[in-house]
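In the working numbering, the protein residues as written are -2 to 417. We treat Cβ as the ideally placed atom computed from N, Cα and C, and that holds for glycine. Here the structure is a predicted model, which is why all the values come from computation and not from measurement.
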Ligand SMILES: Cc1ncc(COP(=O)(O)O)c(C=O)c1O
């Protein structure tokens, strides 16, 4: 089915079959797994045309259009994932990578040059924060941040500071954010990108990390973002058994990412793509159940005397800024959030060591519930004052609620809290 035609279908339908045509797979009802590193041509001219098309784009009636070259440049299972992800993200095109960080580093390398500036929300996943502040800074890229994504004026002030230091080329948002679950107004950042364009003559790209909600709960492109990045390792993969990343957006922005991916050598492999195709089929069911479970667990924690506070958009009071924003921006709250335990790191560690069902591990979005202490794990390299500004303390624990029965999760947390 043509991509345009598919757009009339509901995302649940697209998630099941879009991107795979059984006629291309010998009639197999489900996608075959193409385990090959290279592809054979009909003739020398066919090989030349395939390369021309890869680097320069197809012409009318090009007989080599769609031909593959070498799996690092693209392969059939990757094509299927990219078509499906693009449809779910309401994008013209998508590019698949071997991890979320591979997708992120490719986007940033494609769009930043020495002297450029990144404006970012805070907090963001520790790996991305480190890439920007520890690695890209070594290549002459500066970064500025804002910590209240609900305050457009604070964002604007950070944008002004950033623009004074050089052209702002990328606005990087993560909403909800890792690890706190804090939210950022995507529309305000899009507006600020327009204001920066008028001021500096070049419009920064607004890139949204959509990992915490995924395509069934939030569509940043529909809100005006230029690129939507998702660590597919998390909810989209959904079973903690693969690493993958995806970027969706306009075709003119995705093409260069595919070319750079070829040279960086970081595409998604065939087996991972095949696993993702089946994971997408159940994503909406897993997402809905995980949201319900998370709400039950968050409510229990919020009422517990040893818990100092829960940061979860699902608990936002109607009438609050967070609640109003999420009504406009998303269709659900996700299932990853943080809470603060009374008693600092020692109490946090006692809780983690007393759990028997919840697993102590980094990562999120799997069918199993995971819990971790961000300050000593996922956000380990981040300076303590920066973490404090982001609302992450030694008392903060991050919880990714999975698909178990919520009563069992609550019982485990309850017995562990008794032993803190
Ligand atoms: C919000 C967010 N973005 C990006 C990443 C990086 O993804 P990956 O681990 O697939 O490289 C993570 C990983 O935890 C994340 O939580």
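Open item on the list: Within a Cβ cutoff of 6 angstroms, which residues of the same chain sit near residue 142, ignoring the five residues on either side of it in sequence?
Closed with: 117 and 119
Open item on the list: Quick check on residue 338: does DSSP put it in helix, strand or coil?
Closed with: strand
Task: Among 52, 175, 192 and 134, nearest to residue 153 - alpha-carbon criterion - done: 192
- [ ] Work out the CA separation of residue 379 and residue 130 for me, nearest whole Å.
- [x] 9 angstroms
Open item on the list: Could you compute how far the alpha carbon of residue 205 sits from the alpha carbon of residue 40?
Closed with: 43 angstroms
Open item on the list: Suppose the cutoff is 7 angstroms on Cβ atoms and the five residues either side in sequence are ignored; what does the same chain contact list for residue 253 look like?
Closed with: 107
TODO: List the residues that DSSP assigns as beta-bridge partners of residue 224.
DONE: 204 and 246
Open item on the list: I need the DSSP call for residue 139, collapsed to helix, strand or coil.
Closed with: strand
- [ ] Quick one: residues in its chain with C-beta nearer than 7 angstroms to the C-beta of residue 164, no 5 flanking neighbours on either side, listed in chain order?
- [x] 113, 114, 197 and 199
Task: Segments of 4+ residues assigned as alpha helix (DSSP H) that fall wholly inside the region 74 to 149 - done: Within the region 74 to 149, the complete alpha helix (DSSP H) runs of at least 4 residues are 97 to 108 and 123 to 127.
TODO: Compare the C-alpha of residue 375 against each of 72, 86, 396 and 313 and name the closest.
DONE: Shortest Cα-Cα distance from residue 375 to any of 72, 86, 396 and 313 involves 396.
- [ ] Within 10 angstroms of the Cβ of residue 326, are there 16 or more other Cβ atoms? Answer buried if so, exposed if not.
- [x] buried
- [ ] Verify the contact flag: residue 125, CB atom, against every heavy atom of ligand 1, threshold strictly below 7 angstroms.
- [x] yes
- [ ] Please state if the CB of residue 237 and the CB of residue 401 are separated by a distance shorter than 8 angstroms.
- [x] One thing to note: residue 401 has its Cβ no nearer than 8 angstroms to the Cβ of residue 237.
Task: Continuous beta strand (DSSP E) stretch holding residue 170: start and end - done: 165 to 171 is the span of the beta strand (DSSP E), which, as asked, contains residue 170.
Open item on the list: If I follow the unbroken beta strand (DSSP E) through residue 307, where does it start and stop?
Closed with: 304 to 308
TODO: Specify whether the region 180 to 191 and the region 348 to 360 touch according to this definition: at least 3 beta carbon pairs, one from each stretch, less than 8 angstroms apart.
DONE: no
TODO: Assign residue 424 to buried or exposed, taking buried as 16 or more other Cβ atoms, counted over all protein chains shown, within 10 Å of its Cβ.
DONE: Residue 424 falls outside the range modelled here, since the chain spans only -2 to 417, and no answer is possible.
Task: Boundaries of the alpha helix (DSSP H) in which residue 183 is found, first to last residue - done: 183 to 197
Open item on the list: Taking DSSP's pairing of strands, which residues face residue 282 in a bridge?
Closed with: Per DSSP, none; premise fails for residue 282.
Open item on the list: Among 243, 5, 232 and 34, whose alpha-carbon lies nearest the alpha-carbon of residue 209?
Closed with: That would be 232, whose Cα lies nearest to the Cα of residue 209.
Task: residue 313 to residue 298 span [Cα, whole Å] - done: Straight-line Cα distance between these residues: approximately 14 angstroms.
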